[in-house]
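Asker:
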Amino acid sequence: MRFVGRVAILIVVIVAAATVNSMQWPIYRDIADIRARTGATAIEPAPTSEPSAEESDPASVPDDGVDPDAGQAEPATAEPPVAAVEEDLPDYYISIADAFELWDEGMPFVDARTENERVVGTVEGAFHLETRNFIDFSADAILNQMDPVFPVVVFCGGGECDASENVAKRLIGWGFEEVYIMHEGFGAWADAGHPTEPVEGG
Amino acid sequence: MTTGQRIDVVITVFVRLFLAGVFGFAAFMKLRNEQAAQAFAESIQSFDVLSKTDHHHVVTLSTFAVPWAEAICAGLLLLGLWTRAAAFAMTAALGAFMYGIYTVIARGLVVECGCFGDFNFPCDHTIGMCQMYRNGVLAAGCLFLLIRGGGRFSIDRLIAPSASGDDEDATAGSFGGSPTPAATRPRRPETDEAPIPLDPPRSTPLSSGPGEGDSAEKPSKPRWD
């Protein structure tokens, strides 16, 4: 009976320690969770055109769009709203075309793939950030080069890629106001003929 | 101590220290900072055993319970305190890990292990049979300690009420511990005065009358004839 009692005491102590620790360090389920819990505002609707060129007709804003800032990301062309809306994808998912527009404006891109996946190349000028870079704080040097008020686009290999979501969560936690995920991935970017570059040492 | 016993002692201590080191390191890598804990939570999510939306509280509890279990059990194994209970807890935990790894391999998922945070040795960071073998070796070590106890150089032995026997609770192969003669011997109650007739006062001279001293103090005491 003494053995059973000790195991029971161990379990109680472990659960108690875990509970106390979980209250200190919140675990975010996904991007919606961290946005809700940190009070981060909803991401702007994905841009479908050059946002800052001129004031465009506000009537063309998609009905689900929440755009308090008139200077940001207003769809102005005849292009239909992004595919994300039709496919019921999260509002922070953007198409390759939208991502290229942001790239063209000089917005930072973040490659969330591992070194093994990056050997095929990456988006030209993209930073490389993985989850582990946030654990050992090696991401700080890169993040300090980026201004959180500007949009940032995260991408990985496409498909079921949690790496983008995980890095995006951390960028929101860092203070980035607009974080987009190029969910079709690097492969679709390269297929579209957009600029790529080889990875150093890859 | 025979040579066989010496080898036995060395192996037990080695297994204890090895497992304590492995589990302690694993716990440290998962609880280094908030980001490490978040990364481990994402690893648990990616196993797809627990639903991301429905079981988020379970994921959160597991995120912290696993490394805390590893940390506490590593400390206990290091000291040799409650060795069997700690070994049992880690055997159960390793069993759960191996089930998770089995389901991941069976479904063909590509999942980051997160077992030692972002440290990957000897296995790759992606879940595969290597992790299964590694956990099997660790589980074998835990089972060894579960059966044999903490051994000679352990606090379990130090605080054992009985100096004889192999281990505090190793005797007779029982997890419940062995009865100790000193503790279980029936003791005479403090207030029991019945044995007095068996222990007559020495000060009573033989020449004095049979009830003069004794019966005067305790006149109502029944005497055994």
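First to last, the protein sequences are chains A and B.
For the first sequence, our numbering gives the first residue as 1, with consecutive numbering after it.
For the second sequence, our numbering gives the first residue as 1, with consecutive numbering after it.
Here a beta-carbon is modelled for each residue, glycine too, at the ideal position from N, C-alpha and C.
#1: So that I know if they touch, is there some Cβ in chain A lying closer than 7 Å to that of residue 61(B)?
#2: How many Å lie between residue 21(A) and residue 64(B) at the Cα?
#3: Closest Cβ-Cβ distance between residue 164(A) and chain B: below 7 Å?
#4: The beta strand (DSSP E) that contains residue 64(B), what's its start and end?
#5: Is it right to say residue 138(A) is buried, meaning 16 or more other beta carbons lie within 10 angstroms of its own, or is it exposed?
#6: Which residue comes first and which comes last in the alpha helix (DSSP H) that contains residue 13(A)?
#7: Look at the Cβ atom of residue 9(B), then the Cβ atom of residue 151(B), and state whether they are nearer than 7 Å.
#8: Over what stretch of residues does the beta strand (DSSP E) that includes residue 181(A) continue unbroken?
#9: Ignore the nearest five residues each way along the sequence and tell me which others in residue 141(B)'s own chain have a CB closer than 8 Å to its CB.
#10: Please identify, using Cβ separations under 8 Å, the residues of the region 23-47 of chain B that lie next to chain A, in order along the chain.
#11: In terms of residues, what are the limits of the beta strand (DSSP E) holding residue 153(A)?
#12: I need the DSSP call for residue 176(A), collapsed to helix, strand or coil.
#13: Distance, Cα to Cα, residue 89(B) vs residue 106(A)?
#14: Considering just the uninterrupted stretch of the beta strand (DSSP E) at residue 110(A), what are its terminal residues?
#15: What number of angstroms, rounded off, separates the C-alpha of residue 161(B) from the C-alpha of residue 155(B)?
#16: Is it right to say residue 145(A) is buried, meaning 16 or more other beta carbons lie within 10 angstroms of its own, or is it exposed?
#17: Tell me which residue opens and which closes the alpha helix (DSSP H) that residue 116(B) is part of.
#18: Report the option in 97(B), 78(B), 157(B), 47(B) whose CA atom is closest to the CA atom of residue 137(B).
#19: Would residue 126(B) pass as a contact of residue 104(B) if the rule is Cβ separation under 7 Å?
#20: If the criterion is Cβ atoms closer than 7 Å, does the pair residue 26(B) and residue 121(B) meet it?
#21: Assign residue 24(A) to buried or exposed, taking buried as 16 or more other Cβ atoms, counted over all protein chains shown, within 10 Å of its Cβ.
#22: The alpha helix (DSSP H) spanning residue 145(A) covers which residue range?
Answerer: Quick look at the numbers:
#1: With its beta carbon less than 7 Å from one in chain A, residue 61(B) belongs to the interface.
#2: Approximately 7 Å, taken between the alpha carbons.
#3: No, because no Cβ of chain B sits closer than 7 Å to the Cβ of residue 164(A).
#4: Residue 64(B) -> not in any beta strand (DSSP E); alpha helix (DSSP H) instead, spanning 56-79.
#5: The residue is exposed, with fewer than 16 neighbouring Cβ atoms inside 10 Å.
#6: Per DSSP, residue 13(A) belongs to the alpha helix (DSSP H) from 2-24.
#7: It is a contact, given that the beta carbons lie within the stated cut-off.
#8: Its beta strand (DSSP E) spans residues 179-182.
#9: 15, 18, 19.
#10: Correct list: 31, 32, 33, 34, 35, 36, 37, 38, 39, 41, 42, 45, 46.
#11: Residue range 152-155 is occupied by the beta strand (DSSP E) that includes residue 153(A).
#12: Coil, per DSSP.
#13: Distance between the alpha carbons of residue 89(B) and residue 106(A) is about 53 Å.
#14: Where residue 110(A) is concerned, the enclosing beta strand (DSSP E) stretches over 109-111.
#15: Straight-line measurement puts the Cα of residue 155(B) at about 12 Å from the Cα of residue 161(B).
#16: Exposed, since its Cβ has fewer than 16 Cβ neighbours within 10 Å.
#17: Judged by DSSP secondary structure, residue 116(B) falls outside any alpha helix (DSSP H); it is assigned neither H nor E.
#18: Per the Cα distances, 97(B).
#19: By the CB criterion at 7 Å, residue 126(B) and residue 104(B) fall outside the cutoff.
#20: Taking 7 Å as the Cβ cut-off, residue 26(B) and residue 121(B) do not qualify as a contacting pair.
#21: Residue 24(A) comes out exposed.
#22: Annotation for residue 145(A): no alpha helix (DSSP H) segment contains it, and DSSP assigns it neither H nor E.
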